[in-house]
Amino acid sequence: MIYRMLVLDIDGTLLRSNFRMDKETREAIDYVRKKGVYVTLASGRNFPSTKKVAKALKLDGYLISQNGGFIAANQDEPFFESHISREDTNKMVSILENYNCHIRLVHERFSVGNQVHQKNQLVARLTLGAGDPLFYPVTFTENLSHHVLEKEITPSKIDVQFFEERERRSAEQHLKNHFANFEYTSSTKCNFEITSPNVTKANALRMLGLKLDIAPEEMVAVGDSHNDREMIEMAGLGVAMGNAPDDVKHAASWITRTNDQLGVPYMIKEVFRKQLRVGLY
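Letter 118 of the sequence shown, counting from 1, is numbered 138 in my numbering, and no numbers are missing.
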């Protein structure tokens, strides 16, 4: 099989645990691009944050951000975008406000979060907003559900971070009882993320593949979290990071090293080493 596309998650995959990128990773991605392989990112991050990482890798093509809710090369000209309605957002937030959690409404141009009165409030905020560029507005408000109606907020994704796993499970089940068709996944401990029905990284990748005339079996997809599992299963070669949970590893056909052990460059060299430049076959 000739692989024509490489799809990479960001956090826990491209980046180390300290959110830094290794020189070897940049060199490996440049190596595979020179072979004519289309390289893209598929992240739960907002579009500006995803674009910032792409620029560091000199990628100027389409990017999948917000767990598939926004696909674009340029923020002003999206190829695909999906937003949760103001009414549904308000209802979801109203339910979540009964729990002790941080709520973040993620849009491609801004995000809005609630204020939770905790001793470690600042630390929690910074964790929830890891990777935001300086030019990406992040607002916190005491009454988030009211703010949604007043400002007509329609996010692509809702991030929810809990302090206890038991409460996370309770809140997720509560929401699923009322919004069963929406997509629920997670990328970190004690969190879940909500997108509109059928909005996932895997479905975004299918759409992008159709646009670029690249079949799923010609793709290599790499990730480390539950929100990567479906695209790992879908791709011709699904790769799980060594730091991925067991169920994600079981879904993969190849397991590489961890993100702190140069897992991405190791995988690239092993998988693409013998492949000629695309177009020479």
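Glycine included, every Cβ here is placed at the ideal spot set by N, Cα and C.
Non-local beta-carbon contacts of Tyr286 in its own chain, meaning distances under 8 Å to residues more than five positions away in sequence, involve Thr276, Arg277 in chain order.
The beta carbon of Glu117 is closer than 8 Å to those of Ile123, Asn134, Leu164, Ser165 in its chain, skipping five residues each way along the sequence. Here the segment 213-226 does not lie against the segment 49-58, with fewer than 3 beta-carbon pairs under 8 Å apart. Within the segment 156-241, the runs of alpha helix (DSSP H) at least 4 residues long that lie entirely inside it are, in chain order, 164-171, 185-198, 221-232. If you look at Arg53, you'll find it isn't in any beta strand (DSSP E); it sits in the alpha helix (DSSP H) that goes 43-53. Going by C-alpha positions, Glu101 is about 20 Å away from Met112.
With 16 or more other Cβ atoms from the protein chains shown falling within 10 Å of its own Cβ, Glu250 counts as buried.
The C-beta distance from Gly89 to Ser176 rounds to 3 Å, short enough to fall under 8 Å. Straight-line spacing of the CA atoms in Met261 and Gly32 works out to 8 Å.
One Cα belongs to Gly229, the other to Arg40, and the distance between them is close to 29 Å.
Considering only Cys121, Asp248, Thr161, Val259, the residue with the shortest C-alpha distance to Arg189 is Cys121.
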